[in-house]
Amino acid sequence: EETFWWLIANNFGIPVNREAFEKIARSVTVSILAKHKSQVIQIEALLFGQAGLLDKSFTEAYPLLLKKEYRFLQKKYSLEIPLLQLYFLRMRPANFPSVRLAQLAMLVHTSSHLFSKIIVAESLTEIKKLLDITANDYWHNHYNFDEEAILKVKKVGAHMVNNILINTVVPVLFAYGQYHNDQKLKDRAICWLEDIAAEKNSITRGFEKLKFRNDNSFDSQFFIQLKNKYCNKKRCLECAIGSSILGKDGTLIR
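Set out below in structure tokens:
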């Protein structure tokens, strides 16, 4: 559960705050979160406080309440704020770390033993229901503390859910099955990956231009791994696809 907590927090930090979010998660253990999960305000206080986002002067009642809660919890658990940098610039407001932390807090609030539930889940639909998260009401008209914005419910979108499934749920489930020699779990992880829509990015489009099929996320992840681990490192002759394109002497076959 602890490792899964670190990894799912990392995933909520996309695209540029992954390392910072994982540091926040590592600074607040699952056991501490479990003691306060019934109160989403306390979970937010812990996460925002450990992120260093409550070290300011506020005018609105809600961030002032979080700050008060955090001071109490920080003293109670002797929490030290980790050294980290959160980035807001050049990203969509929906991806602001403040919004993602609020959504992550709601996930903690609404779920118990999340990884244990994932292990026994039989379908992706069950997992998607667990990840059907909306940040609390304050964030409906805020992207940052003390900055009111146009009303927009901060729900975790389908693209983000798929990202969590692809980059956290499936790899951890497969690794868990591998560690416990459970082929059923490994097969389930692969099946789930095949049931998720294909990713569309510069890497997958490059392989599609070479007439490779990109039908689902299993294909997409294969192409991304191949590009990063072989193509980018010029390991063409160590790769079956590269070897089929190049001759044994490394020259291009036309």
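Using the numbering used here, the first residue of the sequence shown is number 717, and each one after it goes up by one. Backbone N, C-alpha and C define an ideal beta-carbon position, used for all residues, glycine too.
Hey, out of the options, whose CA is closest to residue i's CA?
i: Leu901; options: Lys833, Gly873, Ile866; result: Lys833
i: Ser933; options: Leu799, Leu909, Thr920; result: Leu909
i: Phe890; options: Ala818, Lys844, Asp903, Asp935; result: Asp903
i: Asn878; options: Ala914, Asn897, Lys772; result: Ala914
i: Lys729; options: Leu781, Glu717, Met876; result: Reading off the sequence shown, one finds Gly at residue 729, where the question assumed Lys. Gly729 has its Cα closest to that of Met876, out of Leu781, Glu717, Met876.
i: Leu846; options: Asp862, Asp771, Leu881, Ala818; result: Leu881
Is it the case that the Cβ atoms of residue i and residue j are separated by a distance below 8 Å?
i: Ala741; j: Trp721; result: yes
i: Ile724; j: Thr826; result: no
i: Ser743; j: Leu820; result: no
i: Tyr778; j: Ser814; result: no
i: Ile835; j: Tyr892; result: yes
i: Thr775; j: Asp862; result: yes
i: Ile748; j: Tyr803; result: no
Within 10 angstroms of its Cβ, does residue i collect 16 or more other Cβ (buried), or is it exposed?
i: Ala905; result: buried
i: Glu954; result: exposed
i: Ile866; result: exposed
i: Leu968; result: In this predicted model, Leu968 has a pLDDT of only 39, less than 50, meaning its place in the structure is not dependable enough to derive any value.
i: Ile849; result: buried
i: Gln894; result: exposed
i: Ser754; result: exposed
i: Val872; result: buried
i: Ala750; result: exposed
i: Asn726; result: buried
How close, in whole Å, do the beta carbons of residue i and residue j come, if the pair is a contact with beta carbons under 8 Å?
i: Glu785; j: Gln758; result: 6 Å
i: Asn852; j: Val756; result: 6 Å
How about residue i: is its C-beta nearer than 8 Å to some C-beta of chain C?
i: Leu769; result: Absent from the structure: chain C. Only one protein chain is present.
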